[in-house]
DNA sequence: TTACATTAAATGTATGTACATATATTTGCA
DNA sequence: TGCAAATATATGTACATACATTTAATGTAA
């Protein structure tokens, strides 16, 4: 059992609030590293994976860059350049939208769908990275996080 | 009250575990954005702030790059280049360690200490970014996060 | 219809992250 | 002593983030 005090070698915190804040940032980063490791053998990064999943949700309808930004966890990241990388790997296609030539229709390719099918097995195994939590604890965690952002 | 379902416009999740995972990543990012905004007027970024705080903790003793890496939340980030930025702003000094010329002694300057004093007022106001949580809830959150990383 | 604002996406710049590799110094051992 | 291994930091590359600016297309109103 590795408590946050040991992880960052800081014996005490000024308050339970400060401790929870640091723990939250540290744990989110820890989870991100684990996921990145799982994706590496497949030649894809976490944000690229998230964009692919959004596109699968739309399939066979296209998505625009705007729709990706709305749905992405990180609203301010650069969807254009993530799509660049996916297009270079032939996992998505980009065509100008016929009804609005400012917009771009982005679609997942069969290769992209196939990659997601292989990744689903990895990612959705068991209860995922939070497997140490019971369903009830996971729900508690969500409630606390929602409250932070109130 | 903005629940995670609304934030990312995904009406349902496959499980409470998946929901908690996405909520965790989203909330950590949300907190990071808020802190970055608070720091921007002071011409400093969040990782630079964290390094400065570690240096103040050592003051007036110097710290090495190794010590910074050990203490930083993100162990794999590049402490060298963060120190580069702080040095360019004259917030820290870098001198080769006399007793071990491989190592570098990094010290916070008076200007760095003064900047931290001004930032303390901002950052430590009230209970910080988690002010919506009671002390008990903050402790619950820490316990759940520790359990995730078991 | 032209002029101006709005919208969609791409591009530019600075920073940070993740990881591999390089360089210099020190340590330890044959 | 001399040479390999370990250590401390710096550098290189690819990717992502954050935000400002640019370009092109569309909408709107005089």
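Chains as they are written, first to last, in the working numbering: chain G, 1236 to 1385; chain F, 1236 to 1385.
Backbone N, C-alpha and C define an ideal beta-carbon position, used for all residues, glycine too.
Every value quoted in this text rests on a predicted model; they were computed, and no experiment measured them.
- By the rule that beta-carbons nearer than 7 Å mark a contact, residue 1287 of chain G does not touch chain F.
- Uninterrupted alpha helix (DSSP H) stretches at least 4 residues long and entirely within the stretch 1311-1354 of chain F occur at 1314-1323, given in chain order.
- Among the residues facing chain F, residue 1323 of chain G is not included, as its CB has no counterpart in that chain under 7 Å away.
- Cβ contact annotation for residue 1297 of chain F (same chain, cutoff 7 Å, sequence separation greater than five): 1340, 1341, 1342, in chain order.
- Linking residue 1367 of chain G to residue 1239 of chain G through their CA atoms gives a straight-line distance of about 16 Å.
- Neighbours of residue 1375 of chain G in chain F, taken as residues at a C-beta separation under 8 Å, are given in chain order as 1375, 1379.
- A direct Cα-to-Cα measurement between residue 1301 of chain G and residue 1312 of chain G gives close to 12 Å.
- Excluding residues up to 5 positions away in sequence, 1325, 1326, 1327, 1328 lie with their Cβ nearer than 8 Å to the Cβ of residue 1344 of chain G in the same chain.
- Between the alpha carbons of residue 1380 of chain F and residue 1251 of chain G lies a gap of roughly 13 Å.
- Of all residues in the stretch 1274-1298 of chain G, none is placed with a Cβ closer than 8 Å to any Cβ belonging to chain F.
- Under the DSSP assignment, residue 1308 of chain F falls outside any alpha helix (DSSP H); it carries neither an H nor an E label.
- Non-local beta-carbon contacts of residue 1365 of chain F in its own chain, meaning distances under 7 Å to residues more than five positions away in sequence, involve 1373 in chain order.
- Taking the C-beta atoms as reference points, residue 1306 of chain G is found nearer than 7 Å to residue 1289 of chain G.
- In its chain, beyond the 5 residues on either side, 1304 have a beta carbon closer than 7 Å to the beta carbon of residue 1310 of chain G.
- Residue contact with chain G for residue 1312 of chain F: absent (no Cβ-Cβ distance below 7 Å to any residue of chain G).
- DSSP places residue 1366 of chain G in no alpha helix (DSSP H); its state is neither H nor E.
- Residue 1249 of chain G counts as exposed, since fewer than 16 other beta carbons sit within 10 angstroms of its beta carbon.
- For the pair residue 1293 of chain F and residue 1286 of chain F, the Cα-to-Cα distance works out to about 11 Å.
- Residues of chain F with a Cβ closer than 9 Å to the Cβ of residue 1308 of chain G are, in chain order, 1242, 1243, 1257, 1260, 1261, 1264.
- Taking C-beta separations shorter than 8 Å and ignoring five residues to either side along the sequence, the partners of residue 1281 of chain F in its chain run 1267, 1270, 1271, 1274, following chain order.
- Only 1362, 1363, 1364, 1365, 1367, 1368, 1370 from the stretch 1339-1371 of chain F bring a Cβ to less than 7 Å from some Cβ of chain G.
- Rounded to the nearest whole angstrom, the C-alpha separation of residue 1322 of chain F and residue 1278 of chain F is 13 Å.
- Nearest in C-alpha terms to residue 1242 of chain F, of all of G/1308, G/1348, G/1254, G/1264, is G/1308.
- The Cβ atoms of residue 1376 of chain G and residue 1255 of chain F lie closer than 7 Å to each other.
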